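Asker: Residue numbers (this note's numbering), protein chains in the order written: chain R, 4 to 99; chain H, 4 to 99.
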DNA sequence: TTGACTTGTCCTATAAAGGGCAAATATAGT
DNA sequence: ACTATATTTGCCCTTTATAGGACAAGTCAA
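1) Run the CB neighbour count on residue 13/R, radius 10 Å, all protein chains shown included, and call it buried at 16 or more, exposed below.
2) Name the residue from 44/H, 65/H, 24/H, 10/H whose alpha carbon lies nearest to the alpha carbon of residue 85/R.
3) Can you tell me whether DSSP reads residue 35/R as helix, strand or coil?
4) Select from 92/H, 57/H, 61/H, 81/H the residue whose C-alpha is nearest the C-alpha of residue 74/R.
5) Need the endpoints of the alpha helix (DSSP H) that residue 57/R sits in, please.
6) Does DSSP put residue 49/R in a helix, in a strand, or in coil?
7) By how many angstroms is the C-alpha of residue 34/H removed from the C-alpha of residue 23/H?
8) Using a Cβ-Cβ cutoff of 8 Å, what residues of the segment 7-20 of chain H are near chain R? List them in chain order.
9) Compare the beta carbon distance of residue 76/R and residue 29/H with 8 Å and say whether it is the shorter of the two.
10) Which of the three DSSP states is assigned to residue 10/R in this structure?
11) Rounded to whole angstroms, what's the CA-CA distance from residue 5/R to residue 80/H? Just pull it up for me.
12) Residue 34/R CB to nearest chain H CB: under 8 Å?
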């Protein structure tokens, strides 16, 4: 989810992976893997990416977190129920 | 969430942590920590616990997974949004 | 062919799981 | 108050998993 978004943003900016890699000071292979969900995106790059692509960091952070959640529940057939339960717990804690 | 449930179930069955510990062949301290969310419950104990407490394993599994999800999103202010996104992704994949 | 991207393999460092053990506390009964 | 049992807490340890990459080699498109 974050991967697709990053790729889409990069292309809309007309940037090459090589350029983004240079900006983050990493290998281009790593960029490729991020965009293809082969490797998790390191949280520490989110702010740099947000600036580079000129989007709100919150947006990327949301997708980043959604990926994490997805990784936990995928393949689990009680996934939806579990997420509901967790959601209610979050809301409950927020109230307190 | 799973912890509280386990404690509640154990007490409703009138069992001591010592007895449950013996059943799972672990330290009583570990049982205590599970019930107080100080240590994650090992997934491999769920079926034994379900039988011991005479409940559906799915129920425990759901709470177990909910705990995992909660751990990922807690303290994150985009938690709810991220869960929504992940939820939709799950549903999307299910369709395909 | 060349530049852009992808894929496979490898490595290292960190963290978390899964507990044990001993000591501290809480609680109920006498 | 004293004891005994139940539970909790703190500290420790080992094993396994994952993150976070690098590097080389492969593929794809112009």
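From the three backbone atoms N, C-alpha and C, an ideal C-beta is built for every residue, glycine too. Quick caveat, the model's predicted, so the values are computed rather than measured.
Answerer: Taking the coordinates as given:
1) Around the Cβ of residue 13/R, a 10 Å sphere holds 16 or more other Cβ atoms; the residue is buried.
2) 65/H
3) In the three-state reduction of the DSSP assignment, residue 35/R falls in the helix class.
4) Considering only 92/H, 57/H, 61/H, 81/H, the residue with the shortest C-alpha distance to residue 74/R is 92/H.
5) Counting along the chain, residue 57/R falls outside any alpha helix (DSSP H), and DSSP gives it neither H nor E.
6) helix
7) 8 Å
8) Listed in sequence order: no entries.
9) no
10) Residue 10/R: helix per DSSP, three-state reduction.
11) 18 Å
12) no
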